[in-house]
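Report on one structure; see the data block that follows.
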Amino acid sequence: MNAIANGSFRRPVAVVGAGPVGLTAAIDLAQQGLDVVLLDEDDTRAIGSRAICFSKRTLEIFDRLGCGERMARKGIGWRVGKVYFRDRLVYAFDLLPESGYRRPAFINLQQYYVEDFLIERACELPNLDLRWKNKVVGLVQNDEGVELRVETPGGTDALFFDFVVAADGARSPIRAMMGLETKGRVFRDRFLIADVKMSADFPTERWFWFDPPFNRNQSALLHRQPDGVWRIDFQLGWEADPALEKQPERVIPRVRALLGSQIDFTLEWASVYTFSCLRMERFRHGRVIFAGDAAHGVSPFGARGANSGIQDADALGWRLRLVLEGKAPDRLLDTYDAERVFAADENILNSTRSTDFITPKSGVSRTFRNAVLELAKDHPFAQRMVNSGRLSVPSTLTESALNTPDCEPFAGAMVPGAVASDAPVRCAGRPDWLLAHIGNAFVVLYFTDGAPQDGVSAAVREFERSSIEVRLLIVTRPNAFAGSVSGITVVEDSDGLCARRYDGRPGTCYVFRPDQHVCARSRRIDAVWLRDAIDRATCAGALTLAKEVR
Amino acid sequence: MKALTIEPNMGRPDDFYEALVEAHRDLTDEQSQALNAALILLLANHVGELEVLRDALRRARKTVTDNPPR
Ligand SMILES: Cc1cc2nc3c(=O)[nH]c(=O)nc-3n(C[C@H](O)[C@H](O)[C@H](O)COP(=O)(O)OP(=O)(O)OC[C@H]3O[C@@H](n4cnc5c(N)ncnc54)[C@H](O)[C@@H]3O)c2cc1C
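Protein sequences appear in the order of chains V and W. Per my numbering, the first sequence starts with residue 13, numbered consecutively. Per my numbering, the second sequence starts with residue -14, numbered consecutively.
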């Protein structure tokens, strides 16, 4: 470890693992101006059937990182799901019944495309040093930094970093190198996934079957992907032989039984998987911070794996930057741990409940499950109990230590800890989206009827002298305020949805973290309140304790 | 905490009891199980309060665990 002190190769951050989570983390950090090294043992993107459902929140994060449009254009947007029991439709649900969001509830897009587009974006960032065929084989950390031993085609290197983000997947070699564990429940069930190419005119919806005639006593799921590919999941049960079941001779008749004899298809990919719900006790271990599948695992029902991992990266980027730049104390990183453990538990709870509904573990639970499905056909209350996967939505971090509690009553969902809701706006005369103006720095959103009052600009201007970047965003009624204020973005609430979603009135103000979470709100702004809110959201006030011992 | 009503709350308990047993007439054990499950779900939704339902679940379980099979 002497070399840590001596220098040689040293950078602020390494991200290990160029899966969706590591790529997101590296792009975010590089976009914020840090020099980042991204290491991956492989030189290919994901192959075969992995994630396909990417959530609205993931797209919003990708928008902030400059690649959301690319994903949305290639992906297939959807929001309606249908649930069948045996041979009858039980009910249909709509995940985003309201309009006025830039992004749909979900897109379906093969994970390899997501990774391709992220890699493209990564390559645009000169301070992101992406190194394929670099396998991390050793890790040592001390007070000064982290040393990684990396096997490369040219031999073994020792590289030094202030922090390491471990996004090295479910089997996380780094977790093993550090002697850490991940614990939880392993489910005794097997699923076959078959990706088939066909031209079928099924609508773009998620179809889920409980106990269908073509897969008795088990479940099945059908999803459309780009390029005329369809994903079919067949539940097989624990007794199934995985090697046998993925043979095309076995897979093709199963698919045929679902599709009927009229539809021609070709099999693109088939694999059999099992799953577990696991998490590490803590995600932060000194200078090594775990994210994505390395930190936690969920069952695929609910599409919470990649989506939640991408949210980990979203939560980590701005914190690491502030800590590395000496603008926030080290313990800001502990709040990453607290928030993401909370989110992981929520995801695990949801995915475990779905799994227990889909695969009842006892006779009586099957009886109740079937009763729910029978009732759901004409009893709306039972439809709410049907659980074929509670699809990924971001956690509302109500318990976060970074939140400033409300002092006045507010209606609606935008509580401190919530992810900012999108809404249509007009900016410089053109249609635009609210979220496009929130993120990457702290943003103060201020609702007004006319010209912004002096108090606001004064409160925000205070921060020009501070080290933390704070931007002001003014939301006005349509046509209420033409013109611009230098250096301040003004948007018009063209559809009134900003005011509705944020319970905004003239004078209302919100503070957003760089990851677009609400951290404070008030009916009137003043400089002291704003200072306190941002201090709290950056763990400041303890800056003198920056070197505190962990 | 809201508690389950355990004082008499039904005008005609004998009529209800008869109707309950009658509802199961000619059903196999399996069908009866399914009927009971549906009935519990319907009534639970009518009650609505999770606290009250938890109290009912606890009381119902106690009738079984306090009297282990001999
Ligand atoms: C069938 C299936 C369906 C799924 N569907 C969905 C879905 O619809 N939606 C969803 O959100 N999620 C879904 N998931 C989960 C999703 O695929 C994972 O959560 C996601 O890939 C995790 O991303 P990650 O970046 O954390 O890890 P990974 O994608 O596993 O990436 C880890 C990377 O680390 C690299 N690496 C490992 N060890 C080293 C080392 N020693 N040195 C250097 N590099 C290393 C690997 O090469 C790899 O590139 C699904 C999963 C499966 C199996």
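Just so it is clear, CB atoms sit at the ideal spot from N, CA and C, and this is done for glycine as well.
Where residue i falls, given that 16 or more other Cβ within 10 Å makes a residue buried
i, result
"residue 331 of chain V", "buried"
"residue 59 of chain V", "exposed"
"residue 17 of chain V", "Unreliable placement is indicated for residue 17 of chain V, whose pLDDT of 46 sits below 50; the coordinate value is still reported in the next sentence. So residue 17 of chain V ends up on the exposed side."
"residue 28 of chain W", "exposed"
"residue 556 of chain V", "Reliability of the predicted coordinates at residue 556 of chain V is poor, the pLDDT of 38 falling under 50, and no value is obtained from them."
"residue 39 of chain W", "exposed"
"residue 64 of chain V", "buried"
"residue 23 of chain W", "buried"
"residue -9 of chain W", "exposed"
"residue 268 of chain V", "exposed"
"residue 250 of chain V", "exposed"
"residue -3 of chain W", "exposed"
"residue 1 of chain W", "exposed"
"residue 314 of chain V", "buried"
"residue 21 of chain V", "exposed"
"residue 135 of chain V", "exposed"
"residue 560 of chain V", "With a pLDDT of only 38 at residue 560 of chain V, under 50, the local geometry of the prediction cannot be trusted, and the value read off the model is given with reservation. By the 10 Å Cβ count, residue 560 of chain V comes out exposed."
"residue -6 of chain W", "exposed"
"residue 374 of chain V", "exposed"
"residue 229 of chain V", "exposed"
"residue 43 of chain V", "buried"
Short Cβ contact (9 angstroms threshold) for residue i with residue j
i, j, result
"residue 254 of chain V", "residue 197 of chain V", "no"
"residue 529 of chain V", "residue 430 of chain V", "yes"
"residue 366 of chain V", "residue 311 of chain V", "yes"
"residue 66 of chain V", "residue 355 of chain V", "no"
"residue 92 of chain V", "residue 107 of chain V", "yes"
"residue 51 of chain V", "residue 147 of chain V", "yes"
"residue 489 of chain V", "residue 505 of chain V", "yes"
"residue 400 of chain V", "residue 289 of chain V", "no"
"residue 24 of chain V", "residue 71 of chain V", "no"
"residue 533 of chain V", "residue 520 of chain V", "yes"
"residue 447 of chain V", "residue 432 of chain V", "yes"
"residue 221 of chain V", "residue 232 of chain V", "yes"
"residue 451 of chain V", "residue 41 of chain V", "no"
"residue 1 of chain V", "residue 537 of chain V", "The structure shown does not extend to residue 1 of chain V, since chain V is modelled only from 13 through 562, so no value can be given for it."
"residue 260 of chain V", "residue 123 of chain V", "no"
"residue 316 of chain V", "residue 348 of chain V", "no"
"residue 327 of chain V", "residue 177 of chain V", "no"
"residue 160 of chain V", "residue 212 of chain V", "no"
"residue 563 of chain V", "residue 482 of chain V", "Nothing can be reported for residue 563 of chain V: it is not among the residues displayed for chain V, which extend from 13 to 562."
"residue 57 of chain V", "residue 131 of chain V", "yes"
"residue 510 of chain V", "residue 414 of chain V", "no"
"residue 89 of chain V", "residue 118 of chain V", "yes"
Cβ-heavy atom distance, residue i to ligand 1, below 8 angstroms
i, result
"residue 29 of chain V", "yes"
"residue 289 of chain V", "no"
"residue 316 of chain V", "yes"
"residue 280 of chain V", "no"
"residue 261 of chain V", "no"
"residue 7 of chain V", "Residue 7 of chain V lies beyond the stretch modelled for chain V, which goes from 13 to 562, so this question has no answer here."
"residue 123 of chain V", "yes"
"residue 257 of chain V", "no"
"residue 469 of chain V", "no"
"residue 33 of chain V", "yes"
"residue 301 of chain V", "no"
"residue 312 of chain V", "yes"
"residue 285 of chain V", "yes"
"residue 372 of chain V", "no"
"residue 54 of chain V", "yes"
"residue 366 of chain V", "no"
"residue 51 of chain V", "yes"
"residue 183 of chain V", "yes"
"residue 167 of chain V", "no"
Bridge partners - residue i, DSSP secondary structure assignment
i, result
"residue 178 of chain V", "V:28, V:302"
"residue 308 of chain V", "V:291"
"residue 141 of chain V", "V:49"
Distance cut-off 8 angstroms: residue i Cβ against heavy atoms of ligand 3
i, result
"residue 66 of chain V", "Ligands displayed in this structure: ligand 1; ligand 3 is not among them."
Which parts of the region 200 to 265 of chain V are runs of the alpha helix (DSSP H), unbroken and 4 residues or longer, counting only runs that do not cross its ends? 254 to 257
Could I get the ranges of all uninterrupted alpha helix (DSSP H) runs contained in the region 27 to 85 of chain V, with 4 residues as the minimum, in chain order? 32 to 43, 68 to 76
Entirely within the region 403 to 482 of chain V and at least 3 residues each: give me those beta strand (DSSP E) ranges in chain order. 436 to 439, 442 to 445, 454 to 460
Which full runs of the beta strand (DSSP E) of 3+ residues lie inside the region 101 to 131 of chain V, going along the chain? 118 to 120
Give the list of continuous beta strand (DSSP E) stretches no shorter than 3 residues that lie fully inside the region 19 to 55 of chain W. none
Continuous alpha helix (DSSP H) assignments of at least 4 residues falling wholly in the region 498 to 555 of chain V: 509 to 514, 539 to 549
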